[in-house]
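Chains as they are written, first to last, in the numbering used here: chain Z, 41 to 381; chain F, 1161 to 1681; chain D, 4 to 293.
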Amino acid sequence: MRKVLQPILAVALGLALGLGVTRIAGESPWHVLQILWRSAFGSNYDFGMTLFYSTPLILTGLAVAVPFQAGLFNIGAEGQLTLGALAAAAVGALWPVMPWPLAPVLATLAAILAGTVWGAIPGWLRARRGSHEVINTIMLNFIAAGLASYVTLYLLKNPDSQNPETRPIGAGYLIHQFGVFGGAPVSLALPLAVMAAVLVWILLWRTVLGYEMRAVGQSEPAARAAGINPGRIRIIAMSVAGGLAGLVGVGEVLGNAGKFRLGFSPEYGFIGIAVALLGRNQPVGVVASALLFGALHKGAADLDLETEHVTRELSLILQALIILSVSAEGLWSWMKKRREA
Amino acid sequence: MDSNSDTAAVMATSTTAAVELRGLTKHFGSVQANAGVNLRVEPGTIHGVIGENGAGKSTAMKMLYGIFPPDAGEILVNGKPCAWNSPADAIAAGIGMVHQHFMLAGPYSALDNILLGAEPLRWGMIVDRKKARAELQALASRYGLAVNWDEPIETLPVGVQQRIEILKLLYRDAQILILDEPTAVLTPQETNDLFRNLKKLRDEGKTILLITHKLREVMSFTDRVTVFRAGKVTGEVPTAQTNPQELANLMVGRKVVLNIDVPPARLREEQAIEVTDLCLAGTVAGSRHKLTEISFSVKRGEIVGIAGVEGNGQTELLQAILHPRDPRCRTSGTVKFLGEDVTSYETLRIRDLGVAVIPEDRQQEGLLLERPVSENFLLGLQRSPAFSHAGFLNSTNLQKAAAQAVEEYDVRPRDLTLPAGKLSGGNQQKLIVAREFQRKPRVLIAAQPTRGVDVGAIEFIHNRIVRARDEGAGVLLVSFELDDILTLSDRVLVMYEGRIVAEFSRSEVSERELGLKMAGS
Amino acid sequence: MTAQLVASTLRVSTPLIFAALGGMFCERSGVINIALEGMMLMGAFGAAVGTLVSHSPWLGSVCGMGAGVALAAIYGLFVIRLRANQIVAGMAINMLAMGLTPFICKILYDVTGSTPSIPIAERFQSAPLYLSWGLVVICFLWMRYTPTGLWVSFAGEHPEALAAAGIRVNRVRWVAVLVSGALAGMGGASLSIFLSSSFSRDMTAGRGFMALAALIFGKWKPLPTALACLLFGFADAVQIRLQGVALWGDQPIPVQFIQILPYLVTILVLAGFVGRSRAPKALGTAFQEG
């Protein structure tokens, strides 16, 4: 009961605080909420865009949740997804003539592989060198951004565009977009992400490996005494996370842009932390909270046009406040105490 | 007020107690740690506070020291009621405490650790280390407590660290000294030094509260003793008018059987454990190696006990034989289980030979405290064919086996979904024993099997260990409790500073002899 | 050429030094500060607005520090009082700053991109540079020779010992977090009213994290941390200088590799490949007073 109630209360609290802020801008919070809702769910297209934003968030949420279960904090989904997308685009740009079913599969594998490698590095550093994954993943995000910028601007530059982007991928790489969403780029990437969530659930709760991951996350000495190699588990957990984040590239490159665009991600990796946290690091929760954050992102997009002073950045404020309210351990134990008293 | 000015004067006015606790009560969540504790300590005495682990003695002392406030009840110091907001208030009233886990920060100097919170100032803002050093030097030579002030704490031996803790109190001019289990990590010699100093301090008029669970210390060094059981005071007596048996009864609330009858061992030919020249490099206080050329063997069907004061390499030895591949655990030497050289094996493969382990730190190493009992039952067995197939868990089998084991080993409550952390210490230990015996052990490594476990569970666990031996397991027993060692072992090895320094057979072992060897003489 | 490079190195490392020193107080007291980036951003914005209103960079930087402190207070409330996970809350604080700055900018100036530009006479010419190095010396002396410096160190290394010595751990941490906000705010201020002529969106561009990296590289000590800032500042200055310069043929030099250098170095240091950096022992753990 508390498991479900607490995130809902946190969202309500975060929304209330965040909408309260709009008062400063001279807007009615109720009006803003209506715009948010309409813009996120008002039409097939709007809902499609919400789903489009939710798709990468499911994946980055999982990319945070899996290592979290193994006792690791993956702040590096942003870097992992950047390299995943870059790899998919690179395959598509370097070998543009490739038959259809093979092409997207190859690009997808490339995305997974690149993300996995980028995830494995901090896993390895933690396991073998004992350095903390939080700092390492933050640093690796910047390094990934630098690498992506180099590859995009120097190696794979699109000669026909002023934008910082790679050459377009071959036509055989593009994956199916669903027509019912009025042109919103909802592609096969969405079912792929949901399937990833299901697989993660099976991994965590039905396999020996998942049990070992959770054991390491609960108590490293206990896991070690039980014959589990915590270092190996950490590397695996971070690699899996990297692969999941890398999959973001599929929806973006194969399902939407058809190329890699620098800065395409509005910090999906960071929002993934919030998604995982709100979803209590459970796959089902991750999918649900990815939808919420996707809706917030899409909903806020129309604020610029429809209000005087409230801008789309409101979604950042709302997300921040929701994360803060979910994470406030002390707040919840205080409320619990009040209820008991 | 000033109780150290003149002992005679204090004795004359001893109607006011140095410390008086009246009806002290404290809850932590649903746990009642203290229920109406009354305690009276005369000034200028050493007052023992004794009780089993979890009896509430530390809780009461922490309230006296202002670490947390009581839910109800009164604290009087020198006759005056006190309401502490924090330790700062207690310190100001002349109370000092040496905690069981030393309150010292490793990378900083002994001097800074002592000064902390009581820094003398120059120009109103700069720490005057020179002045402090001079004052401390005077104190140290007066009590014969030599310390190197500028060394980082982490490089100093435990005995010296404790001296620093005591100097901390003297530096703050504490009149009432609380010492929480001060001898847990000391050798008998260091212990004697400590008590010599404590007596000196008492004779100068200071009041000392000694918290311990060791009867011997209470009997030899205190003037009066208060006994705790289950959050309450069950008795307060002058030490001269009591005896160990009476105190023990007050502690546990029923007649204690101090000797269990263990039938003689029927040794088998097969070796269970053979350790040869095991070394672990690394510096610890007093030695250049954590483990030095350790060799011993355990036959199937016998119990070999390893005695020693905490911190003399027992933990390292256990880690080395269970994780021989890990270079952090073993530098050189070989380990064999059941005749097989396992030095290059992974832990899981070692365990699969039939090696059961009751780990040293039950909560850290033995259990996943937030996970249900059933998942804890799986820990270490997760890859056994009974509970997994092709990488997937077989939860039906697991539930069945766990339910059966919980019944057989009397783990209460019988609820497989309860998080292991919610079980009592004794039941947690029984759960571990149940799980480990699921392997049908041919080798059993039992570390601190009775630490923090109630008397009923101790008996149960002792009996199980003996039964495992009689069913043919070779047992390596590591314990800081001489009771465990003397009751169960067929042979006793003594560890001191990372070496095995003595071996006794069951017939020739005596407590006195053991004590001497444990102290390194 | 060399003199210019030295000058620009000193200039671009100034915001890093302020922020890293701020981070030092916070982390030495046991509170992780991933939120430096956000505090800097708020500081940059506050300072720009303050200067535009008061026409004085000094008053402006006070506003910047105030904005940093305000954000730090929210951070402190969550991580100290409400025991939120410090990394999660830190990321949220960064997000909050990224959202709040354009949000308020829009209300004040009706644009989200940047504040109006500040006339050169009202900007700092070199004061923050000297100030930052003065501060390095002060922080060094503070940590080593004052009681509060000792308390901060113990709060991060062994908070229980500090509590047992009668000092309130969380009070020490509160002060450290607020000081951290003020210094990070000043770091932001030196971005907007010293190095550039206005606040622009997300203008910190990862400098908060770079300051954090310098802090780790500098082993959480004031002098080495300042030197690390200088090194990272040097990399930045070189990179700016080389941007668009052709090395051979008409191929421009890939400055990305210089940009990622500080982050790479931090990873190597943390992994013990280059020296060893040991964090305060209690870093990241909440302290619950009885």
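Cβ atoms here follow ideal geometry from the backbone N, Cα and C, with glycine treated the same way.
Going by DSSP in three states, residue i sits in which element: helix, strand or coil?
i                   : result
Pro-1229 of chain F : coil
Pro-1241 of chain F : strand
Thr-1343 of chain F : coil
Arg-1627 of chain F : helix
Phe-1456 of chain F : strand
Asp-113 of chain D  : coil
Leu-1370 of chain F : strand
Tyr-1505 of chain F : coil
Arg-1428 of chain F : coil
Lys-197 of chain Z  : strand
Ser-1665 of chain F : strand
Arg-264 of chain Z  : helix
Gln-7 of chain D    : helix
Ser-259 of chain Z  : coil
Thr-206 of chain Z  : strand
Lys-1720 of chain F : Look at the range of chain F in this structure, 1161 to 1681, and you will see that residue 1720 of chain F is not part of it.
Ile-1481 of chain F : helix
Asp-1643 of chain F : helix
Arg-1282 of chain F : strand
Ile-121 of chain D  : coil
Met-1655 of chain F : strand
His-71 of chain Z   : helix
Just the Cα atoms here: how many angstroms apart are residue i and residue j?
i                   : j                   : result
Ile-1371 of chain F : Glu-1180 of chain F : 16 angstroms
Val-1444 of chain F : Ala-1594 of chain F : A caution first: Val-1444 of chain F carries a pLDDT of 49, below 50, which makes its placement in the model too unreliable to give a value.
Ser-1246 of chain F : Gly-1226 of chain F : 5 angstroms
Thr-228 of chain D  : Ser-1555 of chain F : 53 angstroms
Val-139 of chain D  : Leu-226 of chain D  : 7 angstroms
Phe-48 of chain D   : Gly-67 of chain D   : 7 angstroms
Leu-1591 of chain F : Ala-1250 of chain F : 42 angstroms
Ser-329 of chain Z  : Asn-176 of chain Z  : 26 angstroms
Leu-232 of chain Z  : Gln-217 of chain Z  : 13 angstroms
Leu-13 of chain D   : Phe-197 of chain D  : 12 angstroms
Tyr-1268 of chain F : Glu-1325 of chain F : 14 angstroms
Lys-1415 of chain F : Asn-1409 of chain F : Low local confidence applies: a pLDDT of 45 at Lys-1415 of chain F is under 50, so the model's placement there is unreliable, with the coordinate-based value given in what follows. So the two alpha carbons sit approximately 6 angstroms from each other.
Gly-210 of chain Z  : Arg-301 of chain Z  : 16 angstroms
Val-1345 of chain F : Val-1318 of chain F : 7 angstroms
Leu-1653 of chain F : Val-1464 of chain F : 7 angstroms
Which residue marks the beginning of the alpha helix (DSSP H) containing residue i, and which one marks its end?
i                   : result
Thr-228 of chain D  : 225-245
Pro-162 of chain Z  : 142-164
Ala-125 of chain Z  : 117-134
Asn-1557 of chain F : 1555-1568
Ser-1492 of chain F : Unbroken run through Ser-1492 of chain F is the beta strand (DSSP E), 1492-1497; no alpha helix (DSSP H).
Gly-286 of chain Z  : 270-286
Ala-1467 of chain F : Per DSSP, Ala-1467 of chain F belongs to no alpha helix (DSSP H); it is in the beta strand (DSSP E), 1463-1467.
Ala-1606 of chain F : Note, Ala-1606 of chain F: premise wrong, no alpha helix (DSSP H); beta strand (DSSP E) at 1603-1607.
Val-326 of chain Z  : 323-341
For residue i and chain B, any beta-carbon pair shorter than 7 angstroms?
i                 : result
Ala-65 of chain Z : Considering every chain present, this structure includes no chain B. Its protein chains are Z, F and D.
What residue range does the beta strand (DSSP E) around residue i cover?
i                   : result
Gln-359 of chain Z  : That residue, Gln-359 of chain Z, is in no beta strand (DSSP E); its alpha helix (DSSP H) goes 354-367.
Pro-1398 of chain F : 1392-1398
Thr-1386 of chain F : 1384-1389
Give the DSSP bridge partners of residue i, in chain order.
i                   : result
Ser-1269 of chain F : F:Pro-1312
Phe-1552 of chain F : Z:Thr-247 and F:His-1549
Asn-1194 of chain F : F:Lys-1186
Ser-227 of chain Z  : Z:Gln-217
His-1449 of chain F : F:Ala-1441
Original post:
Which residues, in order along the region 162-193 of chain D, keep a beta-carbon less than 9 angstroms from a beta-carbon of chain F?
Top reply: Glu-163, Ala-164, Leu-165, Ala-166, Ala-167, Ala-168, Gly-169, Ile-170 and Arg-171
Original post:
Name the residues in the region 1544-1557 of chain F whose C-beta lies less than 7 angstroms from a C-beta of chain Z; which are they?
Top reply: Ser-1548, Gly-1551, Phe-1552 and Leu-1553
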